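K.L.:
The opening position of the sequence shown corresponds to residue 266 in my numbering, with each subsequent residue numbered one higher.
Cβ atoms here follow ideal geometry from the backbone N, Cα and C, with glycine treated the same way.
In this text the structure is predicted, and so the values were computed from the model without any measurement.
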Amino acid sequence: MVRIGLARDDVKVTVDGMPLKPFAGLGSWAAFTKIPHGAMVMGDTVVFQDEVTPAMDAAFAKGLEVTALHNHFFFDKPKVYFMHIGGRGKPEALAKGVKAVWDAIKIVRSKTAQPAKRFPGKRPDGAGTISKSKVERIVGHEAQTKAGVVKISIGREGKMHGVPIGGAMGLGTWAAFSGSDDLAAVDGDFIMTASEVQSVLKALRKHEIHIVALHNHMIGEEPVFYFTHYWGKGTAEELATAIRAALDAQQAAKDAHSHEEAR
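1) Candidates A478, E330, D275 and D368: which alpha carbon is nearest V306's?
2) Please go through the same chain and pick out, in chain order, the residues whose beta-carbon is closer than 6 Å to the beta-carbon of G420, but skip the five residues on each side of it.
3) Under 8 Å, Cβ to Cβ, is there at least one residue of chain C near V317?
4) Can you tell me where the alpha helix (DSSP H) holding D322 begins and where it ends?
5) If we count Cβ pairs, one from each stretch, closer than 8 Å, do we get three or more for the stretch 471 to 491 versus the stretch 307 to 318?
6) If you pair each beta-carbon of the stretch 458 to 475 with each one of the stretch 489 to 500, do three or more pairs fall below 8 Å?
7) Considering only C-alpha positions, which residue in the set P343, G423, L512 and K371 is nearest to V489?
8) Classify E461 as buried or exposed, calling it buried when 16 or more other Cβ atoms lie within 10 Å of its own Cβ.
9) With a threshold of 7 Å on Cβ separation, who are the neighbours of P380 within its own chain once the five nearest residues in sequence on each side are excluded?
10) Our contact map puts V465 next to Q515 with C-beta atoms below 8 Å; I'd like the distance itself, whole angstroms only.
11) In chain order, what residues of the same chain have a beta carbon less than 6 Å from the beta carbon of D281, not counting five sequence neighbours either side?
12) Just reading off the beta strand (DSSP E) that P429 is part of, what are its end residues?
13) Which residue marks the beginning of the alpha helix (DSSP H) containing T506, and which one marks its end?
14) Between which two residues does the beta strand (DSSP E) holding A478 run?
15) Helix, strand or coil for S396? Go by DSSP, reduced to three states.
16) With distance defined between alpha-carbon atoms, name the residue in G427, I484 and V414 nearest to D446.
17) Give me the residue from R353, H335, T458 and A468 with the minimum Cα distance to E486.
18) Indicate the three-state DSSP secondary structure (helix, strand or coil) for I350 in the structure shown.
19) Compare the beta carbon distance of V451 and L512 with 8 Å and say whether it is the shorter of the two.
20) Just to confirm my understanding: we take R268, look at its own chain, exclude 5 residues before and 5 after, and list those with CB closer than 8 Å. What are they?
21) So, for N336: in the same chain, excluding its five sequence neighbours on each side, which residues have a beta-carbon less than 6 Å away from its beta-carbon?
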């Protein structure tokens, strides 16, 4: 096994008001091990908020998977997140993929020494004038409206400790649209099985939706579910189209997995 580390000492971080040294938990790493037909890589990458999207895009462009995105601290300044990556293939290709991720982060920091405090572009004013019917037509599901927010919820079925559960118990995908038809924001959550995760993430990123978390919500559920949270800005039509594309990609991955299991 070969393991390579990279300390994030380019940005000073405090946690609970205390300066945190890289050795105390601000280190990126990638570990490579041999498998029958090449190598496998696993790793964790320290990312600040404005680095997540470029790092994730670089990982996907080089054939790597993103397997988690979450925080490790509270009261950290600036906010620090950790993006876990994985992949299988030729060791040289995997190493180039890891380098591409780390290089993407360096490019962001070379432009601005301190992490950004918001996403670029105009921010919606939250007026709450989005066309509910347009969103429903594009996404293909009924929506509810409350306080100017148009929200679509899609339940899923599973089991927890052998007991059937569904959307009301937390097994659901949802998307909330705020703002106006001309400038809106969408946030939400996708519920996914392992075989669906990469397809959903890639579909969202293809439509410029930012991934802000990838993690689990439960322990002991059947099948095992993962959840990704996201944020995007644009016209309501563009955002609804992005959600529809991710739903379609998820269904395609689900069908492919079912076909493989049936073989």
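P.N.:
If we stick to the structure as given:
1) Reading the sequence shown from its first residue, position 41 is the one you call residue 306. Comparing Cα-Cα distances from V306 to each of A478, E330, D275 and D368, the minimum goes to E330.
2) Walking along the sequence shown from the start, residue 420 turns up at place 155. If we look at G420 and ignore the five residues flanking it on each side, its Cβ neighbours are G431, G432 and G437.
3) Checking the listed chains, one finds no chain C in this structure; it contains a single protein chain.
4) Here residue 322 is taken as the residue at index 57 of the sequence shown, counted from 1. Element bounds for D322: V317 to A326.
5) yes
6) yes
7) Residue numbering aside, residue 489 sits at position 224 when the sequence shown is read from its first letter. When each option's Cα is compared against that of V489, the closest is G423.
8) Residue numbering aside, residue 461 sits at position 196 when the sequence shown is read from its first letter. Looking at its Cβ environment, which holds 16 or more other Cβ atoms inside 10 Å, E461 is buried.
9) The sequence position of residue 380 within the sequence shown is 115, counting from 1. Cβ within range, chain order: V276, F313, Q314, D315 and P343.
10) The residue given as residue 465 occupies position 200 in the sequence shown. The residue given as residue 515 occupies position 250 in the sequence shown. The pair is a contact, with the Cβ atoms about 5 Å apart (cut-off 8 Å).
11) Position 16 of the sequence shown, counted from the first residue, corresponds to residue 281. Excluding positions up to five away in sequence, the list reads F340.
12) By 1-based counting over the sequence shown, the position of residue 429 is 164. Residues V428 to I430.
13) If you number the sequence shown from 1, residue 506 lands on position 241. Its alpha helix (DSSP H) spans residues A501 to A527.
14) Numbered from its first residue, the sequence shown carries residue 478 at position 213. H475 to H480 is the extent of the beta strand (DSSP E) around A478.
15) Counting from 1 along the sequence shown, the entry for residue 396 is found at position 131. Three-state DSSP puts S396 in coil, outside helix and strand.
16) The sequence position of residue 446 within the sequence shown is 181, counting from 1. Looking at the Cα atoms, V414 is the closest of the given residues.
17) For the purposes of this step, residue 486 is taken as the residue at position 221 of the sequence shown. Here the closest residue by C-alpha is T458.
18) By one-based count along the sequence shown, residue 350 stands at place 85. Residue state, collapsed to three classes: strand.
19) Locating residue 451 in the sequence shown gives position 186, where the first residue counts as 1. Locating residue 512 in the sequence shown gives position 247, where the first residue counts as 1. It is not a contact, given that the beta carbons lie outside the stated cut-off.
20) Position 3 of the sequence shown, counted from the start, is the residue given in the question as residue 268. Taken in chain order, the residues that qualify are W294, A295, A296 and F297.
21) Numbered from 1 along the sequence shown, position 71 holds the residue referred to as residue 336. Within the same chain, N336 has close Cβ partners Y346.
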